[in-house]
Amino acid sequence: MPVSVVKILEKKMRDFLWNDTTEKRRLHWVSWEGVCLPKALGGLNVKKLRTMNRALLAKWLWRFGDEKDALWRRIILEKYGESHWGWNPGQRVMPYGSGIWRGIANIGTDFRKWTSFSVGNGKSISFWEDHWCMDGALRTRFPTVFLMCDLKEECVAAFVRVENGCKGWDLHLRRSLNDWELEEVGELLMTISDCTVNEEVADQRRWDTTGKTYLVSAAYTKFAQNNGVTDFPASLVWRTETPSKVNFFVWATVLRKIPTMDSLKRREFYLPNRCEMCGCCEETASHLLLHCSVANEVWNFFLGAFSLRWCSPSSPAAMIHAWSGCKFSKEGKTLWSLIPHAIFWVLWKIRNDVIFNSKLYPFHVIVLKVKSTLYYWGKGLGILDQFWFQDFVFRWETVVQAL
1 MPVSVVKILE KKMRDFLWND TTEKRRLHWV SWEGVCLPKA LGGLNVKKLR TMNRALLAKW
61 LWRFGDEKDA LWRRIILEKY GESHWGWNPG QRVMPYGSGI WRGIANIGTD FRKWTSFSVG
121 NGKSISFWED HWCMDGALRT RFPTVFLMCD LKEECVAAFV RVENGCKGWD LHLRRSLNDW
181 ELEEVGELLM TISDCTVNEE VADQRRWDTT GKTYLVSAAY TKFAQNNGVT DFPASLVWRT
241 ETPSKVNFFV WATVLRKIPT MDSLKRREFY LPNRCEMCGC CEETASHLLL HCSVANEVWN
301 FFLGAFSLRW CSPSSPAAMI HAWSGCKFSK EGKTLWSLIP HAIFWVLWKI RNDVIFNSKL
361 YPFHVIVLKV KSTLYYWGKG LGILDQFWFQ DFVFRWETVV QAL
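The following block contains the structure:
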């Protein structure tokens with residue numbers, strides 16, 4: 001896929017995600033690299049088109065090595081030749097031919113790093129370059145022995161020696177060993193000692209070290225080489241019981257990528273940095289949703305109904321991490337898991353109403369909104385069918401005890 005096409009399509013994807021239009025531009029609070037990370041690493045698991053394209057093209061390399069008798073393979077073989085003992089197509093440089101297939105062949109270097117081999121006759125596996133007896137190439141693990149070897153590009157079968165009907169390994173070293181080199185050679189021989197060559201069995205290729213079949217999803221992960229938030233609480237953020245827009249907001253909150261006053265200030269929006277809920281401190285995500293006197297009172301109310309005492313966590317991410325299940329029934333555990341999302345969502349909506357519409361919300365109204373949100377979510381899940389709305393709102397402690 002041409003790079004220009006990828007840029008156009010990914011721009012449309014970004015505009016759709018952040019609701020950008022030609023008339024009105026919006027802030028992109030999370031970078032596109034962050035959005036494309038897996039959910040377990042703090043992203044949205046949106047696929048990068050260029051990386052996905054490479055993973056799809058690499059599947060043809062896998063098929064080239066597996067479908068030995070296919071007509072299409074014979075055509076490619078006649079036109080481009082082969083490399084890597086027939087596992088990959090050749091990379092002939094010519095002024096004509098398919099640019100697409102040349103692009104496929106150029107992926108071969110990265111593709112080879114992520115394939116391993118099960119040794120059969122050893123005639124189609126590189127002794128030094130391929131992954132066949134360890135997780136990695138012998139050339140990288142034993143560089144001194146590699147430099148002394150005369151056969152640097154030969155297959156595994158070329159290193160097998162047969163004497164008196166017994167098979168052994170011959171490293172084809174060009175000179176005698178020094179004392180300090182004996183340890184590395186001995187370690188190499190120990191590494192390959194468990195591998196046996198059977199001339200009656202063909203070599204087999206495997207994808208990575210986890211299986212025998214090429215999967216585009218697994219290849220995408222390899223090509224992407226993601227680096228994100230390793231301890232991101234994805235299972236606690238992306239809940240099936242809550243609306244998608246709420247999950248999206250909690251995701252951005254945990255990453256501290258919501259438009260609070262401190263975040264706007266970092267983007268050079270010069271506004272008075274004050275929490276409009278309490279009017280006392282600077283507004284950050286942690287303060288607004290946890291440490292603000294209004295937010296703290298809301299958390300104390302709902303946790304108090306469960307007879308729990310708490311110490312306010314340092315951040316929304318820490319709160320989500322710490323929100324473990326209590327000893328309730330199945331319905332009670334589900335309701336308990338919805339509380340952080342409901343409080344975060346209601347506090348954020350009220351904060352916006354205070355700023356943009358100059359409204360005031362007493363404490364009991366905020367609590368009522370959180371209860372209402374929990375009730376309608378729970379009603380949709382079928383866990384509160386035995387309760388009326390009035391009971392859930394005005395007899396909260398009784399409902400909690402019943403669960």
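Each residue of the sequence shown is one higher than the last, beginning at 1 in the UniProt record's numbering.
No residue lacks a Cβ here, since even glycine has one placed at the ideal position from N, Cα and C.
Going along the chain, which residues of its own chain have a beta-carbon closer than 8 Å to the beta-carbon of Ser83, five neighbours each way excluded?
Numbered from 1 along the sequence shown, position 83 holds the residue referred to as residue 83. Answer for Ser83: Pro89, Gly90, Gln91 and Gly108, listed in chain order.
Could you give the first and the last residue of the continuous alpha helix (DSSP H) run that contains Ser217?
Numbered from 1 along the sequence shown, position 217 holds the residue referred to as residue 217. From DSSP, the alpha helix (DSSP H) with Ser217 extends over Val216 to Ala224.
Do Val298 and Ile339 have their CB atoms nearer than 8 Å?
For the purposes of this step, residue 298 is identified with residue 298 of the sequence shown, where counting begins at 1. For the purposes of this step, residue 339 is identified with residue 339 of the sequence shown, where counting begins at 1. No, they are not a contact pair.
Can you give me the Cβ contacts of Glu129 inside the same chain, cut-off strictly under 7 Å, excluding the 5 residues immediately before and after it?
Against the sequence shown, residue 129 aligns to sequence position 129. For Glu129, where only same-chain residues beyond five positions count, the Cβ hits under 7 Å are Ala137 and Arg139.
Opposite Arg205 in the DSSP bridges: which residues?
By 1-based counting over the sequence shown, the position of residue 205 is 205. Note: Arg205 sits in a beta bridge opposite Phe117.
Could you give the C-beta distance for Leu289 and Pro316, rounded to a whole number, given that I count them as a contact under 8 Å?
Your numbering for residue 289 matches position 289 in the sequence shown. Your numbering for residue 316 matches position 316 in the sequence shown. So it is a contact: roughly 6 Å between Cβ atoms.
Taking Cβ to Cβ, would you say Gly42 is nearer than 8 Å to Val229?
Taking the first residue of the sequence shown as position 1, residue 42 is located at position 42. Taking the first residue of the sequence shown as position 1, residue 229 is located at position 229. Cβ distance < 8 Å, so Gly42 and Val229 count as in contact.
Taking C-alpha atoms, which residue in Trp169, Asp135 and Cys133 lies nearest to Cys149?
As a position in the sequence shown, residue 149 is number 149, starting the count at 1. For the residues Trp169, Asp135 and Cys133, the minimum Cα distance to Cys149 belongs to Trp169.
With a 10 Å radius around its C-beta and 16 neighbouring C-beta atoms as the bar for buried, classify Thr196 as buried or exposed.
In the sequence shown, residue 196 corresponds to position 196, counting from 1. When all chains shown are included, Thr196 counts as exposed.
Run through DSSP, which three-state label would Leu49 get?
Indexing the sequence shown from 1 puts residue 49 at position 49. DSSP places Leu49 in helix when its eight states are reduced to three.
Among residues of its own chain, excluding the 5 on either side of Lys48, which ones have a beta-carbon nearer than 6 Å to its beta-carbon?
Locating residue 48 in the sequence shown gives position 48, where the first residue counts as 1. Cys36, listed in sequence order.
Are the region 327-336 and the region 348-355 in contact at 8 Å, needing three or more beta carbon pairs?
Contact between the region 327-336 and the region 348-355 is absent, because fewer than three Cβ pairs lie under 8 Å.
Is Asn121 near Ala157, with beta carbons less than 8 Å apart?
If you number the sequence shown from 1, residue 121 lands on position 121. If you number the sequence shown from 1, residue 157 lands on position 157. It is a contact, given that the beta carbons lie within the stated cut-off.
Could you spell out the range, first to last residue, of the alpha helix (DSSP H) harbouring Trp101?
Here residue 101 refers to the residue found at position 101 when the sequence shown is read from its first residue. Residues Gly99 to Asn106.
Using the C-alpha atoms, what's the distance from Leu147 back to Arg174?
On the sequence shown, position 174 is the one that residue 174 refers to. On the sequence shown, position 147 is the one that residue 147 refers to. One C-alpha to the other measures close to 9 Å.
Could you give the residue range of the alpha helix (DSSP H) that holds Lys123?
Along the sequence shown, read from residue 1 onward, the residue named residue 123 stands at position 123. Lys123 -> no alpha helix (DSSP H), and no H or E assigned at all.
Going by other Cβ atoms of all chains shown within 10 Å of its Cβ, with 16 needed for buried, is Phe223 buried or exposed?
Taking the first residue of the sequence shown as position 1, residue 223 is located at position 223. That one is buried.
What's the C-alpha gap between Trp62 and Trp87?
Working through the sequence shown from its first residue, we reach residue 62 at position 62. Working through the sequence shown from its first residue, we reach residue 87 at position 87. Cα-Cα distance, rounded: 8 Å.
To which residues of the same chain is Cys155 closer than 8 Å at the C-beta, ignoring the five residues directly before and after it?
As a first step, residue 155 is located in the sequence shown; it is residue number 155 there, counting from the start. Trp85, Gly122, Lys123, Ser124, Ile125, Ser126 and Phe127, listed in sequence order.
Helix, strand or coil: how does DSSP classify Lys257 here?
Taking the sequence shown and counting its residues from 1, one reaches residue 257 at position 257. Note: Lys257 maps to coil in three-state DSSP.
Flag this pair as yes or no: are the beta carbons of Met52 and Tyr220 separated by less than 8 Å?
For the purposes of this step, residue 52 is identified with residue 52 of the sequence shown, where counting begins at 1. For the purposes of this step, residue 220 is identified with residue 220 of the sequence shown, where counting begins at 1. In this structure, Tyr220 lies closer than 8 Å to Met52 by Cβ.
Could you tell me which whole alpha helix (DSSP H) segments of length 4 or greater appear in the region 12-46?
32-35, all fully within the region 12-46.
Following the continuous beta strand (DSSP E) through Lys369, name the residue where it begins and the one where it ends.
Counted from its first residue, the sequence shown places residue 369 at position 369. Taken as a continuous stretch (DSSP letters only), Lys369 belongs to no beta strand (DSSP E), being part of the alpha helix (DSSP H) at Phe363 to Leu381.
Tell whether a beta-carbon distance below 8 Å holds between Ala285 and Thr242.
For the purposes of this step, residue 285 is taken as residue 285 along the sequence shown, with counting starting at 1. For the purposes of this step, residue 242 is taken as residue 242 along the sequence shown, with counting starting at 1. Not in contact: Ala285 and Thr242 (Cβ atoms no closer than 8 Å).
Whole angstroms are fine: how far does the CA of Phe64 sit from the CA of Thr260?
By 1-based counting over the sequence shown, the position of residue 260 is 260. By 1-based counting over the sequence shown, the position of residue 64 is 64. For Thr260 and Phe64, the distance between alpha carbons rounds to 53 Å.
On the CB-based measure, 16 or more other CB atoms within 10 Å of its CB, does Glu283 come out buried or exposed?
Position 283 of the sequence shown, counted from the start, is the residue given in the question as residue 283. Per the 10 Å Cβ criterion, buried.
Assuming Thr213 contacts Met134 under a Cβ cut-off of 8 Å, what Cβ separation, rounded to an integer in Å, is found between them?
For the purposes of this step, residue 213 is taken as residue 213 along the sequence shown, with counting starting at 1. For the purposes of this step, residue 134 is taken as residue 134 along the sequence shown, with counting starting at 1. Their Cβ separation, rounded to whole angstroms, is 22 Å, which puts Thr213 and Met134 out of contact at 8 Å.
Do Arg50 and His28 count as a contact pair if the criterion is CB distance below 8 Å?
In the sequence shown, residue 28 corresponds to position 28, counting from 1. In the sequence shown, residue 50 corresponds to position 50, counting from 1. No.
Output the distance between the C-alpha atoms of Val185 and Met1, rounded to the nearest integer angstrom.
As a position in the sequence shown, residue 185 is number 185, starting the count at 1. As a position in the sequence shown, residue 1 is number 1, starting the count at 1. Approximately 46 Å between the Cα atoms of the pair.
Quick one: is His287 buried, meaning 16 or more other Cβ sit within 10 Å of its Cβ, or exposed?
Indexing the sequence shown from 1 puts residue 287 at position 287. Result: buried.
Kindly list the residues whose CB is nearer than 6 Å to the CB of Trp60, restricted to its own chain and excluding five residues on each side of it in sequence; keep chain order.
On the sequence shown, residue 60 is found 60 positions in, with the first residue counted as 1. The answer, listed in chain order, is Ile104.
From the DSSP output, which residues share a beta bridge with Arg112?
The sequence position of residue 112 within the sequence shown is 112, counting from 1. The partner list for Arg112 (beta bridge, DSSP) is empty, contrary to what the question assumes.
Once you ignore the five residues that flank Ala40 on each side, which residues in its own chain have a CB closer than 7 Å to its CB?
Residue numbering aside, residue 40 sits at position 40 when the sequence shown is read from its first letter. Hits under 7 Å: Phe232 and Ala234.
Can you name, in chain order, every residue of its own chain whose Cβ lies under 6 Å from the Cβ of His172, other than the five neighbours on each side?
Looking up residue 172 in the sequence shown gives position 172. Here the set comprises Cys149, Asp150 and Leu151.
Quick check on this structure: which residue in Val216, Ala322, Leu44 and Glu187 has the alpha carbon closest to the alpha carbon of Phe111?
Reading the sequence shown from its first residue, position 111 is the one you call residue 111. For the residues Val216, Ala322, Leu44 and Glu187, the minimum Cα distance to Phe111 belongs to Val216.
When burial is assigned at 16 or more other CB atoms within 10 Å of the CB, is Gly99 buried or exposed?
The count along the sequence shown starts at 1 and reaches residue 99 at position 99. That one is exposed.
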